[in-house]
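Q: Take a look at this one; I'll ask things after.
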Ligand SMILES: [Zn+2]
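Residue numbers (the numbering used here): 1301 to 1387.
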């Protein structure tokens, strides 16, 4: 359980901010649902509601197609805070 402490808050971050639409260009909004290797985080870890998880998933896949987010991150190139320079 100790390693899950990071995700202790179970409420949906997007509901909290009253987000209805997530732009695929808005990496600041997507980062809540991306791991440090740019994988989509499962809902049970992020606490997102089903509605927002689906919106985020679509947005992330669009962002990948437009090369804003890499599909695969090499194990050697893992950046601990990939969005540090965004915003
Ligand atoms: Zn939500």
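Glycine is no exception: its CB is placed at the ideal position from the N, C-alpha and C atoms.
How is the alpha helix (DSSP H) around residue 1367 delimited, first residue to last?
A: Here residue 1367 belongs to no alpha helix (DSSP H), and DSSP marks it neither H nor E.
Q: Roughly how far, in whole angstroms, is the beta-carbon of residue 1348 from the beta-carbon of residue 1314, given that I think they are within contact range, below 8 Å?
A: With 8 Å as the limit, residue 1348 and residue 1314 qualify as a contact, their Cβ atoms being about 6 Å apart.
Q: Output the residues surrounding ligand 1, defined as those with a CB atom closer than 5 Å to any ligand heavy atom, in chain order.
A: Any residue whose Cβ sits closer than 5 Å to a heavy atom of ligand 1 makes the list: 1312, 1314, 1315, 1349, 1352.
Q: Please state if the CB of residue 1367 and the CB of residue 1330 are separated by a distance shorter than 7 Å.
A: Taking 7 Å as the Cβ cut-off, residue 1330 and residue 1367 do not qualify as a contacting pair.
Q: Got a sec, what are the start and stop residues for the alpha helix (DSSP H) residue 1328 sits in?
A: Start and end: 1327 to 1330.
Q: What does DSSP give as the partner residue(s) for residue 1334 in the beta ladder?
A: The partner list for residue 1334 (beta bridge, DSSP) reads 1340.
Q: What's the C-alpha gap between residue 1339 and residue 1316?
A: Roughly 23 Å separates the two Cα atoms.
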